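Asks:
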Amino acid sequence: MILNKPYVISAIEKTTRDVTTFTFKAQDATSIDFSPGMFAMLTHVDAATGQKISRAFSIANCPPSGELQFFISMIGGQLTSKLAAAKVGDIYLVSAPYGQFKLDPNFSEKLLFLAGGTGLAPFFSMLKYIIATGKKPDIELIYSVKYPYDIIEQKELEAMVEQLGGRLTVTVTRPADGDGWTGNKGRVDAALIGKCAPDVKERVSYICGPPEFVKALKSALVSLGVSEKEIKAEMWG
Ligand SMILES: Cc1cc2nc3c(=O)[nH]c(=O)nc-3n(C[C@H](O)[C@H](O)[C@H](O)COP(=O)(O)OP(=O)(O)OC[C@H]3O[C@@H](n4cnc5c(N)ncnc54)[C@H](O)[C@@H]3O)c2cc1C
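1017 is the number of the first residue of the sequence shown in my numbering; add one for each residue after it.
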């Protein structure tokens, strides 16, 4: 566990129209361990006033690591506006790891990952971690985005799922004429889950995304016979 340790921004990449990937490196180059799915508290300290703003972000990279990668929706709020003006080399304070939403180290042979928006981040970490273990569980990942251009790190995501022999279903909730999207349209619901994972009751289900997404998908899983207490979920909005 680290508390308010200085981390330097080592990379800033605009991943989608609204999401930027930030990579932070421990200033003292030490590595931390965490379970895939956990989050870090990132703190901006105002150089002039010393005022601090802290927010939670799910870690998107593979543990253990001297780096922490986050997919951050740039909504122009208190911390995200600081990040919008950030440059490589800037220092933030990091406390980590936190959270109960984590991949079981003895993860099941059959997994169902349900991601909404930047809720993809913990699954990115899980996929990287699973690849590093050399195991090949049966993974069904259903990922909901508003627009086709919202898919985060699409190439890397597709490559990881393919490497694991899993299946990725992306659904676009706000398709528009001329957007070129020919895949699934509409929200994730029981019908889509049932189609992608008819064996849903045999899978360990993880959900991450906005509160309404998590709530709706918990109900959908329960309607498909999954026990609510077996569902692992994390929400933010
Ligand atoms: C466990 C956990 C993990 C998280 N992981 C991530 C992550 O991986 N990536 C990530 O981007 N965020 C993540 N968050 C959310 C993050 O902590 C912040 O809440 C978010 O970045 C906004 O902080 P802010 O200071 O910029 O906004 P604030 O100044 O705190 O303002 C937030 C307000 O903005 C409004 N708002 C929320 N979403 C939007 C939106 N999409 N567009 C416009 N307005 C909006 C809401 O009304 C909210 O009250 C996570 C939160 C938790 C609790």
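C-beta: ideal position from N, C-alpha, C; glycine also.
Quantities reported herein were computed from a predicted structural model and do not represent experimental measurements.
Go to L1173, then tell me how far its alpha helix (DSSP H) extends in each direction, as first and last residue.
Replies: One-based indexing of the sequence shown puts residue 1173 at position 157. That run of the alpha helix (DSSP H) goes Q1170 to Q1179.
Asks: Measure the CB-CB distance between F1055 and G1133 and report whether it falls below 8 Å.
Replies: Counted from its first residue, the sequence shown places residue 1055 at position 39. Counted from its first residue, the sequence shown places residue 1133 at position 117. No, these two residues do not count as a Cβ contact at 8 Å.
Asks: What are the partner residues of L1119, as DSSP defines its beta bridges?
Replies: Walking along the sequence shown from the start, residue 1119 turns up at place 103. BP columns for L1119 are empty, so no partner.
Asks: Got a sec, what are the start and stop residues for the alpha helix (DSSP H) G1210 sits in?
Replies: As a first step, residue 1210 is located in the sequence shown; it is residue number 194 there, counting from the start. Run containing G1210: A1206 to C1212, per the alpha helix (DSSP H) assignment.
Asks: Go ahead and pull the three-state DSSP assignment for P1022.
Replies: Position 6 of the sequence shown, counted from the start, is the residue given in the question as residue 1022. It is a strand residue.
Asks: Using the DSSP secondary-structure output, state which residues sit across from V1216 in a beta bridge.
Replies: By 1-based counting over the sequence shown, the position of residue 1216 is 200. Beta-bridge pairing links V1216 to no other residue.
Asks: Since S1070 sits in a beta bridge, which residues does DSSP pair it with?
Replies: The residue you call residue 1070 lines up with position 54 of the sequence shown. S1070 is bridged to T1059.
Asks: Is S1111 a contact residue of ligand 1, with contact defined as CB to any heavy atom under 7 Å?
Replies: Position 95 of the sequence shown holds residue 1111. Flag unset: Cβ of S1111 not near ligand 1.
Asks: In terms of residue numbering, what span does the beta strand (DSSP E) encompassing M1251 cover?
Replies: Reading the sequence shown from its first residue, position 235 is the one you call residue 1251. Here the beta strand (DSSP E) through M1251 covers K1248 to M1251.
Asks: Which first and last residues belong to the alpha helix (DSSP H) in which Q1094 is found?
Replies: What you label residue 1094 is simply residue 78 of the sequence shown in a count that begins at 1. Per DSSP, Q1094 belongs to the alpha helix (DSSP H) from Q1094 to A1100.
Asks: What three-state label does DSSP hand D1166 in the structure shown?
Replies: Taking the first residue of the sequence shown as 1, we reach residue 1166 at position 150. Reduced to three states, the DSSP call for D1166 is helix.
Asks: Can L1013 be considered in contact with ligand 1, in the sense that its beta carbon sits closer than 7 Å to one or more heavy atoms?
Replies: Any question about residue 1013 goes unanswered here, given that the chain covers just 1017 to 1253.
Asks: Which value, in whole angstroms, describes the spacing of the CA atoms of P1080 and A1102?
Replies: To locate residue 1080, count along the sequence shown from 1; it is residue 64. To locate residue 1102, count along the sequence shown from 1; it is residue 86. Whole-angstrom Cα-Cα distance: 25 Å.
Asks: Counting C-beta neighbours from all protein chains within 10 Å, is the total for T1037 16 or more, i.e. buried, or is it exposed?
Replies: As a working mapping, residue 1037 is identified with position 21 in the sequence shown. Buried.
Asks: Label L1157 either buried or exposed according to how many other C-beta atoms from any shown protein chain fall within 10 Å of its C-beta, with 16 as the threshold for buried.
Replies: The count along the sequence shown starts at 1 and reaches residue 1157 at position 141. Per the 10 Å Cβ criterion, buried.
Asks: Using 8 Å as the threshold, is the C-beta distance between G1082 and A1045 below it?
Replies: Counting from one through the sequence shown, the residue named residue 1082 turns up at place 66. Counting from one through the sequence shown, the residue named residue 1045 turns up at place 29. Yes, the pair counts as a contact, with Cβ atoms nearer than the cut-off.
Asks: Between the beta-carbon of T1032 and the beta-carbon of Y1159, is there less than 8 Å?
Replies: Position 16 of the sequence shown, counted from the first residue, corresponds to residue 1032. Position 143 of the sequence shown, counted from the first residue, corresponds to residue 1159. Not a contact, by the Cβ cut-off of 8 Å.
Asks: My assumption, with CB atoms under 8 Å, is that S1111 sits in contact with L1019. Please give the rounded CB distance.
Replies: Position 95 of the sequence shown, counted from the start, is the residue given in the question as residue 1111. Position 3 of the sequence shown, counted from the start, is the residue given in the question as residue 1019. Right, the Cβ-Cβ distance comes to about 5 Å (below 8 Å), so this counts as a contact.
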